[in-house]
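Step one of this worksheet: look at the structure below.
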Amino acid sequence: MSRSALLPRTAPFGDGERASLDAVLVNATPVQRAWLAGFLAGLDAAAQPQAAAAGAPKASEPLTVIYASESGNSEKLANDIGKLARKQGFKPKVVDFADLDIATLPKAGKLVAIAATWGEGEPPARAVRAYGELMGEGAPRLEGVEFAVLSLGDTSYAEFCAIGKALDARFEALGGKRAAERIDLDLDFEKPAADWIKATLKALAPAAAQDNVVAVDFARAGGDEDAEPNRDPMVVEVVEHVNLNSSRSDKETIHLALAFEDGAPAYEPGDSLELFPENDPQLVDEILAAAGLSGDEALRKALLTERDITTLSPASIERFAKATGSTDAQAFAAGGEARAWVEGRNLIDLIERFPATLTAEHFGTITRPLPPRAYSIASSRKEVGDEVHLAIVAVRYETHGRARSGVASVHVADRIKDGAKLRVRLKPNRHFRLPADPSTDIIMVGPGTGVAPFRAFVQERRATEAPGRAWLFFGDRHFTHDFLYQLEWQEALEDRSLTQIDVAFSRDQPEKIYVQDRIDQHAAEVVAWLDGGAHFYVCGDAKRMAKDVRAAVVRAFETAKGLSSADAEAHVAGLERAKRYQQDVY
Ligand SMILES: Cc1cc2nc3c(=O)[nH]c(=O)nc-3n(C[C@H](O)[C@H](O)[C@H](O)COP(=O)(O)OP(=O)(O)OC[C@H]3O[C@@H](n4cnc5c(N)ncnc54)[C@H](O)[C@@H]3O)c2cc1C
Ligand SMILES: Cc1cc2nc3c(=O)[nH]c(=O)nc-3n(C[C@H](O)[C@H](O)[C@H](O)COP(=O)(O)O)c2cc1C
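Those letters in the sequence shown? Residues 133 to 718, by the working numbering.
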C-alpha cells in the first residue's frame, strides 16, 4: 500500500516542512532512508563537542549534586551542574536538601554541594532538617566519597557563606576527600560559579577522562529540557505609584504597578521580581567629594547605577587598604576590629575615617557590582494582564549619627514617579505556590509587605473561581494608618475569594499583638483547616516573625490535639516535607 505521508502530525515541523520532507521520504528506497538516518546521526554526533569525546566519563559515572537553597540561586546552579555533567557523560542526580536522605551519601561516590546561607549564618529553611542531621552525631561516614562545595552568600553579612564553609569542613571530618577547593561567592556569583563548575566537573571526572572533558556553552547546557525564563533585565514603565500607608503613618509602603511593553513575563503567584536600583545621588556626591573626585562624571554615573556603595565588609576594608596603600587602614583591617566596625556603616564612613587619595579604578576594586533587590509579586496576570504589582516599604534608619536610606526602596519611594522607567528581572520561586488543586484551602500569614504575594494568591483564586477557602492573617503597626490593601480585602471577603481575615495591629493597644498571637487565639480552627488538607504560607520578616509563626503553629497542634511538643514539632516538619507549609521570608 503506498502512503502519501510518513511523518506523524506530532513531528516537530511546520505543516509546509512536513509536506516537503514527506515528498522526499515517501518515495525514498529503504537504502536511501537508511543512508539518510546514518548521515543525520553522524552529523549530530560531530556537532556534540564533548559527549562523544574519546575518554569522556562513561554515562554510568554517578554524581550526586545536593543543594540548600531559599531563593533559588543554589538550586539553579545545582541544576546547571546536573545538565552540564550529563553532557559530559556523568549520570547526575540533583537533590534538594529538603528531600535529602543523608544515609544515601556514603554511596554517592562523587558529591557536589551548593549551599546558600540565610538568616544570620543559618541554613535555608527547607534545608534545616538534613543540615542538622549532617552536623549531628548520627551522620554517616563518607570515606570513599569525593566532594566539592560551592557556597553562596553576601559579603555584607557577618557570617559570610557560613553554611557552605561548615559543610565543606564537615564532609572532610566525616572522611570524605576534597576533589576541588571550596569557593565562597558573593551576590555577583554567576561567572565565577560557572568557571568553578567547569573546573570541578573536570576534577571529578575519572583520571583517564580529565584531559578530554571539553567545555560546553554554559548558557546552552540545558537545551530545551526545562526552558528557563529570560534572565535579561527588562525595562518597564511605572503606571501607578501610590503610598499605601496614611500620611500620618511612620511607614511608607509604595504600591507600584509596572507595565511591560512587550508583554509581562510568564510569572506565577509566588514569584518575585528583581529590581535594579540606583544609588542616592546625594550620597554619591558626598562620596565623590570625600574622595576628591567631584568632577568625574563617568565615575559619578558608575557609582549611581553600577557599584554597591552602601555595604561594607571586612574584606572591602582590606581591599581599600591594599588599593590606597593606607597604612592606618591596613593596621585596622589586620587588627580584628573591622568586623564589628562595619555594622551599620558604609563606604562614606570608611573614606572619612581613612582619608586617602582615590582614583576611579580604586572604586572598581573596593566595591562590588550593585545587586538587584527582590520584591514579591503582588498581582496575578489573570487579573492585571501585562502588569506586575509590587508593595515596597521604604527602609530609613539612622546609625552612627548618619541618616541612612535603603538603596532600592528609597529610590522607589523618593525618586520614582508615574511614567518613570525601571529595569527588572523575573525571579521565579517554585517553592511558594498555590496548591495544584483549587479546592484546597489556604492559610496565609503576611504581616507588612509580607502580604504582597497573598494579594496575588487571592487575585488568582478569584480569577479562576477556585472553590477552596482562603484565610489571611495580616499585621502591621496601626489599623488606621497601616492596613495595606484594606479595601481590596473587604471586597475579597464579599466575593468570597477570601473567606476570613484576622488582623494584629501591634501598636493600637498597650500590649503588642502580632500575627502569631492571632494564630494562638485560633489554634483549634487553624489545626482543623490543616487537618482538612489546607496549605500554610508565611511571607515577610525572616528574623523573628517567621520563626514565631512556626512556633505558634507547633503550639496550635499541642493545644488543639493534646500532642507533646516533640510530636507537634514532627507534625509541622511533616507539613514542610509535604510542601504544605511554605515560606518566602527575607
Ligand atoms: C524573596 C524576597 C522577597 C521580598 N519581597 C519584598 C516585598 O515584597 N516588599 C519589600 O518591601 N521588600 C521585600 N524584600 C526585601 C527587599 O529585597 C530589600 O531587601 C528591601 O527593600 C531593602 O532593600 P533596600 O535596597 O531598600 O535596602 P538596602 O540598601 O539593601 O539596605 C538594607 C540593609 O540596611 C540595613 N538596615 C536596615 N534597617 C536598619 C536599621 N534599622 N539599623 C541598622 N541597619 C539597618 C540592613 O543591613 C539591611 O540589610 C524581599 C526580599 C526577598 C529576598
Ligand atoms: C534575609 C537574608 C539573609 C541572608 N543571610 C546571609 C548570611 O547570614 N550570610 C551570607 O553569606 N549570606 C546571606 N544572605 C545572602 C544569600 O545567601 C544569597 O542571596 C544567596 O545567593 C541566596 O541563595 P539561594 O537563592 O540559593 O537561597 C542572606 C540573604 C537574605 C535575603
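Glycine residues also receive a C-beta, built at the ideal position from the N, C-alpha and C atoms. These numbers come from a predicted model, not from an experiment.
> Should residue 159 go down as buried or exposed, given a rule of 16 or more other Cβ atoms within 10 Å for buried?
Replying inline: Exposed, by the Cβ-count rule.
>> Please state the DSSP three-state secondary structure of residue 164.
In response: Three-state result, residue 164: helix.
> What is the rounded straight-line gap between the Cα of residue 328 and the Cα of residue 277?
Replying inline: Spanning the two alpha carbons is a distance of roughly 19 Å.
> Is it a yes or a no for the region 268-283 touching the region 299-316, going by three-plus beta-carbon pairs under 8 Å?
Replying inline: In short, these stretches touch, since the Cβ pair count reaches three.
>> Shorter than 7 Å, the distance from the beta carbon of residue 329 to the closest heavy atom of ligand 1, or not?
In response: No; taking the cut-off as 7 Å, the Cβ of residue 329 has no heavy atom of ligand 1 nearer than that.
> Considering only residues of the region 533-574, which uninterrupted beta strand (DSSP E) runs meet the minimum length of 3 residues and lie entirely inside it, listed in chain order?
Replying inline: List check, beta strand (DSSP E) in window: 534-537 and 553-559.
>> Any contact between the region 664-674 and the region 577-596? By contact I mean 3 or more CB pairs, one from each, below 8 Å.
In response: Yes: the two stretches touch, three or more of their Cβ pairs being nearer than 8 Å.
>> With the cut-off set at 8 Å, would you say residue 561 and residue 403 are in Cβ contact?
In response: Remark: C-beta atoms of residue 561 and residue 403 approach each other more closely than 8 Å.
> In three-state terms, what does DSSP make of residue 224?
Replying inline: Strand at residue 224.
>> Tell me the rounded alpha-carbon separation between residue 641 and residue 611.
In response: C-alpha separation (whole angstroms): 11 Å.
>> Is it buried or exposed, residue 429, if we count other Cβ atoms within 10 angstroms and call 16 or more buried?
In response: So residue 429 ends up on the exposed side.
> DSSP on residue 152, reduced to helix/strand/coil?
Replying inline: Look at residue 152 here: in three-state DSSP terms it is helix.
> Is residue 249 near ligand 2, judged by its Cβ being under 7 Å from some heavy atom?
Replying inline: For ligand 2, at least one heavy atom lies less than 7 Å from the Cβ of residue 249.
>> Count Cβ pairs between the region 314-321 and the region 216-226 that sit closer than 8 Å; are there 3 or more?
In response: No, the region 314-321 is not in contact with the region 216-226.
> Expressed to the nearest angstrom, what Euclidean distance is found between the alpha-carbon atoms of residue 496 and residue 289?
Replying inline: Roughly 21 Å between the two C-alpha positions.
> Do residue 439 and residue 499 come within 8 Å of each other at the CB atom, strictly closer than that value?
Replying inline: Yes, Cβ-Cβ distance for residue 499 and residue 439 is below 8 Å.
> Less than 7 Å between the CB of residue 541 and some heavy atom of ligand 1, yes or no?
Replying inline: The answer is yes for residue 541.
> How far does the alpha helix (DSSP H) with residue 318 in it reach, from first residue to last?
Replying inline: Run containing residue 318: none; DSSP gives neither H nor E here.
>> In the DSSP assignment, the alpha helix (DSSP H) including residue 435 goes from what residue to what residue?
In response: That run of the alpha helix (DSSP H) goes 429-437.
> Which of the three DSSP states, helix, strand or coil, is assigned to residue 528?
Replying inline: DSSP, reduced to helix, strand and coil, places residue 528 within a strand of the structure shown.
> Starting from residue 603 and walking both ways along the beta strand (DSSP E), at which residues does that stretch end?
Replying inline: Secondary structure note for residue 603: its beta strand (DSSP E) is the uninterrupted segment 602-608.
> residue 296: buried (16+ other C-beta within 10 angstroms of its C-beta) or exposed?
Replying inline: So residue 296 ends up on the buried side.
> Does DSSP put residue 242 in a helix, in a strand, or in coil?
Replying inline: In this structure, residue 242 counts as strand in the three-state DSSP scheme.
> Just curious, the alpha helix (DSSP H) that residue 612 is in, first and last residue?
Replying inline: For residue 612, the enclosing alpha helix (DSSP H) starts and ends at 611-614.
> According to the Cβ coordinates, are residue 692 and residue 655 closer than 8 Å?
Replying inline: Contact: yes.
> Who are the near neighbours of residue 218 in its chain, counting only those whose CB is closer than 6 Å to its CB and skipping five residues on each side?
Replying inline: The beta carbon of residue 218 lies closer than 6 Å to those of 224 in the same chain, with the five residues before and after it left out.
> For residue 620 versus residue 650, is the C-beta spacing smaller than 8 Å?
Replying inline: No Cβ-Cβ contact shorter than 8 Å links residue 620 with residue 650.
> What span of residues does the alpha helix (DSSP H) with residue 404 cover, start to end?
Replying inline: Annotation: residue 404 is outside any alpha helix (DSSP H); the continuous beta strand (DSSP E) that includes it extends over 404-408.
> What does a CB cutoff of less than 8 Å around residue 477 pick up in its chain, not counting 5 residues either side in sequence?
Replying inline: Apart from the 5 residues on each side of it in sequence, residue 477 sits with its Cβ closer than 8 Å to the Cβ of 444, 531 and 532 in its chain, given in chain order.
> Identify the residues that DSSP records as bridge partners of residue 280: which are they?
Replying inline: In the DSSP output, where bridge partners are listed per residue, residue 280 has 244.
>> Using 8 Å as the threshold, is the C-beta distance between residue 459 and residue 494 below it?
In response: Between residue 459 and residue 494, the C-beta gap is not smaller than 8 Å, which leaves the two residues out of contact.
> How about the region 521-530 and the region 413-424: do they share at least three Cβ pairs that are nearer than 8 Å?
Replying inline: Segments in contact, no.
> Taking one C-beta from the region 505-512 and one from the region 385-403 each time, how about it: are there three or more such pairs within less than 8 Å?
Replying inline: Short answer: they touch.
>> Restricting to runs no shorter than 3 residues, where is the beta strand (DSSP E) found entirely within the region 633-692?
In response: DSSP runs (the beta strand (DSSP E)) wholly in the region 633-692: 667-672.
> Is residue 572 closer than 8 Å to residue 600 when the C-beta atoms are compared?
Replying inline: In contact: residue 600 and residue 572 (Cβ atoms closer than 8 Å).
> Span of the alpha helix (DSSP H) holding residue 300?
Replying inline: Counting along the chain, the alpha helix (DSSP H) containing residue 300 begins and ends at 294-305.
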